[in-house]
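I have placed the structure first, in the form of structure tokens, so that the comments after it can refer back to it.
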Amino acid sequence: MGSLAAALAAVDPVPWARGQMAFTLGFHIILVPLGVSWAFFTLIANYRALKHDDRDALLLAQRWSKYMAVTFAVGAVTGTVLSFEFGLLWPRFMGQWGDVFGIPFMFEGIFFFTEAIFISIYIFGWRRLRPWTHFWTGVPIVLAGIFGSASVVAANAWMNAPGGFTLDSDGNVVDVDPVQVIFNDSMPLQTAHMIIAAYLVGGFLVASVYATGMLRGRRDHYHRLGFVIAFSVAAVMTPIQLGVGDALARWVYDNQPAKFAAIELVPETGSDVPETLLGRLNDDGTVSGGFPIPGLASWLSDPSTGRDTVVQGLDAFPADERPTTRQVNIVHLAWDVMVGLGTLLFLLSVWYGVVWAFRRHMPQSRWFLRCAAASGVLAVIAMEAGWVVTEVGRQPWIVYGHMKVEDAATGNTGVWIMFVSVVVLYAALGTTLVLVLRGMSRRWRQGEGQREGDAPYGPRAPAERGAGAGAGREAESEEETVP
Amino acid sequence: MSTTVAIVLLAGIIAYAIFAGADFGAGFWDLVAGGPERGARPRAVIEHSVGPVWEANHVWLIFVFVVLWTSFPEAYASVTLTLFVPLAIAALGIVLRGAGFAFRKAVVRLEHRRVFGGAFALSSVLVPFALGAIAGGIASGRVPAGGRAGDPVDSWINPTSILGGVLAVAAVAYLAAAYLVWDARRLGDPEMAAYFRRRAVAAAVAVAVIGIIGLFVLRADAEYVYGELTSRALPVVLVSVAAGVGALVLLVRDAARGGRLLAVGAVASIVAAWGVAQWPYLLPESLKVSAAAAPDATLTTVLVVVGLAVLVVVPGFIVLYVLDQRGLLPEEGS
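Residue numbers (my numbering), protein chains in the order written: chain G, 178 to 660; chain H, 25 to 358.
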């Protein structure tokens, strides 16, 4: 036991802190798109319901608002955990940079507040507010979601392009320019990329559920509506995202050359650099495997100079100022995954758009629906891969050019305990969230609502008890509770 | 300017204590409400009362964190370095609690509801205890400044922290009971109003007893804060006592509305007294507010944002509470 205790005391906290941050952020980031985009889809359905007196659209909006409530609640708590973790895992980062890094978060606070307030009003106000008044209470949710995530991404962008401060001779932050901090060089493209990603992921994710339903034969107006609203938004966003992503990659080329070298797998500085699909970097600086497309990386970096464009390779940076070989391979693979899946989703959107343009309705074939059913998960993977590119690509820096991750981390050797607890708790949380959401839709599909005024987990009303297998189920049909 | 921001910070903590505190307290009563049969009616009142507002209330904690790390980064780093364990417990408890509450509403089967309800109720006690223990660790001067970690165990398992934790749980229970009397009455359930009235009175007595014991604990364990509580902060302490006694009298005489207001006043002034007693220190006797402060431009931004928040958030908050209190947000639309 003594040696075990000694071994535990000698645990290096940095990888655990890194792992925990990656895990909790990676989890939270799946809920964010739903929080940001679902309110928008809900309002579209709500608008349609009010404008065309469409009862299916109304039902859809009401159910979506309930799903929204559950996912928002989980997103709110996992987001709170992140604000704890900034200090628990990176105390020296926060001690040094909190007065700069915190500025965008101040704004995020306002938007989050607004979102929480109006989500409560919208969800709880279905019956008692006048229909159009109620509709308008949903609009601040959409706006707050967009501006709130822009603020958070601005903070992350600042880590990639730190600016808006000066350091005194002791290395303390003395002069802060809040406008420069928020609107840092990386902010416009990075926030645009993430907000569009939120709508893409949310759209494909919601649409994939209805696509699955349609594959199982539920092709009624209600399911088609659910699919079309979510998928259309995503389909419109996809080409825009390709453009923004391309501009962002060029920004990285100009401003974070080490990250760019990792993305494109460029060991040596030079021109006529190939775009290597897959493949891996070896410790000796050679690249093995993969499919190089001659000159393409140079050409994409700056089309005006074409294949003559010089790309800085990893050799242009001292070993302790660039990602390690393993990190380079992670970044490059993540990049390929993001771009590859993004392209597939783009082609799927084109398919949808072309059919719609010619036939004035969505594609009906099973193959399209199968692809659409897969699109949600693919979009999530693409987004996660994008974050891996951003975060791992910045290594070893936490604040690019100013502070390294190892200098920011806590010295607390107990981090691994928290990491393990967080993984267990989040695994349970994620599983339960999916089960609960599925349970809600199954109940609704079977025409069962949840009776109002029920005590949270008190006994059911007497009439329902002892009804055999149906005990605890609700007899009232959904339609009767629609206002 | 650092003083103004410190006041904003304290105001945020007070807001969290009274808004989210009431929600935590409701979780405490949920926990002790008994089995599914017996606890059904109190739980219905609790659910009704907490449902629409808990997420908005919860944001105050994030607000406090962000103001703290933006305006006083060194203090935030020191607190998180030293009080790692209770902060981690609070973070995990907040996850359990939020998820438990949200899921409990969304599932149908009794046994599922009991599991999620249990997670909600247990963590409703755990989180205020951990936060109170953190306050105790800070107040008793156990958090060193300057990027050194204090004792990871003693910093939160010590007389002042235990006092802080127990007092926090008792205070939020008291606050919640006083709220729930009013809520039950609005729901037209005099029996439940009486039920929570009895509990509010009992909790008020508990808070008073803990408070008196607490003075002795602080005298022995947290000299600086004790000294200031009995001198500079004494008027605030007296306000708290007066409000507490007043609330008790009104509760006994069944004046729920006034009782609730005074209970809020009592809890708010306990927290305020702590803040005043710590002045001018953020971490007593090792880090002063002025020394920990961020550059002026940052503090100005913080104040500007707070001003914006008052303009943007407060109206929304008021709308939410008015709708809630008028019973216009009765249940989720289904």
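Glycine included, C-beta positions come from ideal geometry on N, C-alpha and C. All values derive from a computational prediction rather than experimental measurement.
Cα-Cα separation, residue i to residue j
i: Tyr244(G); j: Lys129(H); result: 12 Å
i: Leu606(G); j: Phe282(G); result: 26 Å
i: Val316(G); j: Val405(G); result: 21 Å
i: Leu155(H); j: Ala114(H); result: 7 Å
i: Trp84(H); j: Ala216(G); result: 23 Å
i: Val340(G); j: Ala334(G); result: Residue 340(G) is actually Gly in this sequence, not Val. Their backbone Cα atoms lie some 10 Å apart in a straight line.
i: Ala132(G); j: Gly570(G); result: With chain G running from 178 to 660 in the structure shown, residue 132(G) is simply not present.
i: Val508(G); j: Asp348(H); result: 49 Å
i: Val291(H); j: Gly238(H); result: 15 Å
i: Leu134(H); j: Gly256(G); result: 29 Å
i: Ala197(H); j: Val213(G); result: 35 Å
i: Val300(H); j: Leu253(H); result: 8 Å
i: Leu344(G); j: Leu311(H); result: 22 Å
i: Ser475(G); j: Lys581(G); result: 29 Å
i: Lys436(G); j: Leu477(G); result: 16 Å
i: Ile373(G); j: Leu419(G); result: 10 Å
i: Ile37(H); j: Val247(G); result: 27 Å
i: His427(G); j: Met364(G); result: Per the sequence shown, residue 427(G) should be read as Arg rather than His. Their Cα atoms are separated by approximately 14 Å.
i: Thr665(G); j: Ala184(G); result: What the structure shows of chain G is the stretch from 178 to 660, and residue 665(G) is not part of that stretch, so it cannot be assessed.
i: Phe249(G); j: Val74(H); result: 16 Å
i: Asp431(G); j: Pro308(G); result: 51 Å
i: Arg138(H); j: Gly519(G); result: 43 Å
i: Phe301(G); j: Arg240(G); result: 12 Å
i: Ser465(G); j: Ala375(G); result: 35 Å
i: Pro711(G); j: Thr104(H); result: The question about residue 711(G) has no answer, for chain G in this structure spans 178 to 660.
Bounding residues of the beta strand (DSSP E) (the contiguous stretch that carries residue i)
i: Trp574(G); result: 574-576
i: Val56(H); result: Per DSSP, Val56(H) belongs to no beta strand (DSSP E) and is neither H nor E.
i: Asp352(G); result: 350-353
i: Leu454(G); result: 452-454
i: Leu344(G); result: 342-344
i: Pro304(H); result: Unbroken run through Pro304(H): none, as it is neither H nor E.
Proximity below 9 Å, CB of residue i to CB of residue j
i: Ala238(G); j: Ala253(G); result: no
i: Ala258(G); j: Leu116(H); result: It should be noted that the sequence gives Val, not Ala, for residue 258(G). Yes, these two residues count as a Cβ contact at 9 Å.
i: Ala101(H); j: Gly272(G); result: yes
i: Tyr203(H); j: Arg256(H); result: no
i: Ala267(H); j: Ala227(H); result: no
i: Gly171(H); j: Glu98(H); result: yes
i: Ser448(G); j: Ser552(G); result: no
i: Asn337(G); j: Gln489(G); result: no
i: Pro214(H); j: Gly189(H); result: no
i: Ala316(H); j: Leu306(H); result: yes
i: Leu191(H); j: Gly235(H); result: yes
i: Ala745(G); j: Met515(G); result: One cannot answer for residue 745(G) here, as it falls past the ends of chain G, which runs 178 to 660.
i: Leu266(G); j: Gln197(G); result: yes
Start-to-end residues for the alpha helix (DSSP H) that takes in residue i
i: Leu34(H); result: 26-39
i: Glu498(G); result: Taken as a continuous stretch (DSSP letters only), Glu498(G) belongs to no alpha helix (DSSP H), as it is neither H nor E.
i: Glu445(G); result: First-last for Glu445(G): undefined, no H or E at that position.
i: Ile181(H); result: Ile181(H) -> no alpha helix (DSSP H), and no H or E assigned at all.
i: Ile221(G); result: 190-229
i: Ile298(G); result: 268-301
i: Phe240(H); result: 214-245
i: Phe468(G); result: First-last for Phe468(G): 468-470, but that is the beta strand (DSSP E), not the alpha helix (DSSP H).
i: Asp479(G); result: First-last for Asp479(G): undefined, no H or E at that position.
Whole-Å CB distance - residue i paired with residue j, under 8 Å assumed
i: Met216(H); j: Pro60(H); result: Actually they do not touch by this definition, with Cβ atoms about 16 Å apart.
i: Ala331(G); j: Thr389(G); result: 36 Å between Cβ atoms; not a contact.
i: Tyr387(G); j: Leu236(G); result: No, Tyr387(G) and Leu236(G) are not in contact; Cβ-Cβ is about 13 Å, not under 8 Å.
_By the 8 Å beta-carbon criterion, what residues does the stretch 260-272 of chain G contribute toward chain H?_
Residues are counted here when their Cβ sits less than 8 Å from a Cβ of chain H; for the stretch 260-272 of chain G these are Ser260, Phe261, Glu262, Phe263, Gly264, Leu265, Pro268, Arg269, Met271, Gly272, given in chain order.
Compile a chain-ordered list of the residues in the stretch 583-607 of chain G whose CB is closer than 9 Å to at least one CB of chain H. For the stretch 583-607 of chain G, the set of positions with a beta-carbon nearer than 9 Å to some beta-carbon of chain H reads Thr587, Gly588, Asn589, Gly591, Val592, Ile594, Met595, Ser598, Val599, Leu602, Tyr603, Ala605, Leu606 in chain order.
- prompt: Any residues in the stretch 150-161 of chain H with a beta carbon nearer than 9 Å to a beta carbon of chain G? Which ones, in chain order?
  reply: Listed by position along the chain: nothing, the set is empty.
* Asked: At a Cβ cut of 9 Å, what residues of the stretch 240-258 of chain H count as close to chain G, listed as they run along the chain?
  -> Nothing from the stretch 240-258 of chain H brings a Cβ to less than 9 Å from some Cβ of chain G.
The stretch 293-310 of chain G: positions lying closer than 8 Å to chain H by Cβ
Of all residues in the stretch 293-310 of chain G, only Ala293, Ile294, Phe295, Ile296, Ser297, Ile298, Ile300, Phe301, Gly302, Trp303, Arg304, Arg305, Leu306 come within less than 8 Å of chain H when Cβ atoms are compared, listed by chain position.
> Which residues, taken in chain order from the stretch 227-260 of chain G, show a beta carbon closer than 8 Å to some beta carbon of chain H?
Replying inline: For the stretch 227-260 of chain G, the residues whose beta carbon sits under 8 Å from a beta carbon of chain H are, in order, Gln239, Ser242, Lys243, Ala246, Val247, Phe249, Ala250, Val251, Ala253, Val254, Thr255, Gly256, Thr257, Val258, Ser260.
Residues of the stretch 406-428 of chain G in Cβ contact with chain H at a cutoff of 8 Å, in chain order, please.
Listed by position along the chain: nothing, the set is empty.
- [ ] Please list the residues of the stretch 319-347 of chain H that have a C-beta atom closer than 7 Å to any C-beta atom in chain G, keeping them in chain order.
- [x] Going along the stretch 319-347 of chain H in chain order, one finds Pro319, Ala321, Thr322, Thr325, Val326, Val329, Leu332, Ala333, Val336, Val337, Gly340, Phe341, Val343, Leu344, Leu347 with a Cβ nearer than 7 Å to chain G.
Just by C-beta distance, which residues in the stretch 97-112 of chain H are closer than 8 Å to chain G?
-> Taking 8 Å as the Cβ-Cβ cut-off against chain G, the residues of the stretch 97-112 of chain H that qualify are Pro97, Glu98, Tyr100, Ala101, Ser102, Val103, Thr104, Leu105, Phe108, Val109, Leu111, Ala112.
Q. If contact means a Cβ-Cβ distance below 9 Å, which residues of the stretch 288-307 of chain H contact chain G?
A. Those would be none; no residue qualifies.
Discussion item. What are the residues in the stretch 185-197 of chain H lying within 7 Å of chain G by C-beta distance?
Written reply: Of all residues in the stretch 185-197 of chain H, none comes within less than 7 Å of chain G when Cβ atoms are compared.
### Query
According to a CB-to-CB cut-off of less than 9 Å, which residues of the stretch 188-211 of chain G neighbour chain H?
For the stretch 188-211 of chain G, the beta-carbon criterion of a distance under 9 Å to any beta-carbon of chain H is satisfied by none of its residues.
Pull out every residue of the stretch 114-126 of chain H whose Cβ sits closer than 9 Å to any Cβ of chain G, in chain order. So the list reads Ala114, Ala115, Leu116, Ile118, Val119, Leu120, Arg121, Gly122, Ala123, Phe125, Ala126, given in the order they occur along the chain.
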